[in-house]
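Visitor: Count along the sequence shown starting at 1, add 128, and that's the number in my numbering.
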Amino acid sequence: LFSALHWAAFYDKFSTLRILIENDADIEAVTLHGDTVLSLAEDAYNPTMLDYIKGATLKKKNERKRRITLNLKRDCKRISMLHERIISASNFEFKARNSLP
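1) Looking at F142: is its Cβ nearer than 8 Å to the Cβ of L168?
2) For T164, write down the residues that DSSP places opposite it in a beta bridge.
3) Checking 8 Å against the spacing of the C-beta atoms, do K188 and I147 come in under that value?
4) Do A157 and A132 count as a contact pair if the criterion is CB distance below 8 Å?
5) Specify, as a first and last residue, the run of the alpha helix (DSSP H) that F142 falls within.
6) Expressed to the nearest angstrom, what Euclidean distance is found between the alpha-carbon atoms of H161 and D140?
7) In this structure, does DSSP put F130 in helix, strand or coil?
Written as structure tokens, this is what we have:
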């Protein structure tokens with residue numbers, strides 16, 4: 129099935145396509161026939177639309193990479209904090225064991 133974004137690309141409706149992309153339409157969606165928004169825009173041969181879609185696709189990929197990087201940094205920080213707690217608890221337990229008469 130075609131999404132509204134696919135129809136906009138198919139019928140060469142750049143203003144509609146731009147509004148849909150700005151409102152987070154799935155630019156990487158594929159129709160049942162295997163058509164992407166980019167392939168439909170290539171068939172319509174509108175250079176402005178093609179450049180816009182390519183730019184939006186690149187922007188989305190960069191945002192995804194940035195999100196993954198931020199998640200990795202957050203996870204590493206959590207692991208580091210857990211490691212510090214484990215070491216601290218181990219040291220406390222060791223001191224408690226060794227201080228017994």
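Built from N, CA and C at the ideal position, the CB exists for glycine as well. None of these values were measured; they are calculated from a predicted model.
Guide: The answer reads as follows:
1) Judged by beta-carbon spacing, L168 lies beyond the 8 Å limit of F142, meaning their Cβ atoms are not closer than that value.
2) In DSSP, T164 forms a bridge with V158.
3) Not a contact, by the Cβ cut-off of 8 Å.
4) Judged by beta-carbon spacing, A157 lies beyond the 8 Å limit of A132, meaning their Cβ atoms are not closer than that value.
5) Run containing F142: 142-150, per the alpha helix (DSSP H) assignment.
6) C-alpha separation (whole angstroms): 19 Å.
7) The DSSP-derived three-state label of F130 is coil.
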